[in-house]
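In my numbering, the protein residues as written are 6 to 103. Even for Gly, the Cβ is constructed at its ideal location relative to N, Cα and C. Just below is one structure, and these are the notes that go with it.
Structure below.
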């Protein structure tokens with residue numbers, strides 16, 4: 006089943022779906038418009054940039070990191086992280102079973 010989600014006044018949109026991938030029961034694919042966003046996680050996440058670029062401040066870190074196409078980063082469960090988006094960016098987010 007597909008679910009449609011919209012965040013930050015429509016600047017971030019995603020489609021959620023169930024998956025049979027080992028280690029993940031669900032995922033979402035979406036697009037972020039330029040802007041600055043803070044996301045809160047329930048489950049641990051693995052984010053992959055499909056196109057564009059994300060500048061990310063991960064939990065418990067003080068240095069921003071840049072992630073371009075085909076790059077991945079992980080976010081622990083029950084945390085929040087900041088994202089700066091300069092160009093429209095597509096992503097895949099896998100919600101991990103850990």
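May I ask you to report which of helix, strand or coil DSSP gives residue i?
i          : result
residue 75 : coil
residue 93 : coil
residue 84 : coil
residue 67 : coil
residue 23 : strand
Give the range of the beta strand (DSSP E) segment to which residue i is assigned.
i          : result
residue 15 : Counting along the chain, residue 15 falls outside any beta strand (DSSP E), and DSSP gives it neither H nor E.
residue 33 : 29-37
residue 40 : 40-45
Only counting the same chain, and skipping five residues up and downstream in sequence, which positions put a Cβ closer than 6 Å to that of residue i?
i          : result
residue 76 : 54
Between the beta-carbon of residue i and the beta-carbon of residue j, is there less than 8 Å?
i          : j           : result
residue 30 : residue 100 : yes
To which residues of the same chain is residue i closer than 8 Å at the C-beta, ignoring the five residues directly before and after it?
i          : result
residue 90 : 37, 38, 39, 40, 41, 42, 57, 58, 59 and 60
(message) Three Cβ pairs or more, each shorter than 8 Å: is that satisfied between the region 51-69 and the region 19-26?
(response) no
(request) Count the CB pairs spanning the region 8-22 and the region 46-62 that are closer than 8 Å, and state whether there are at least three. (result) no
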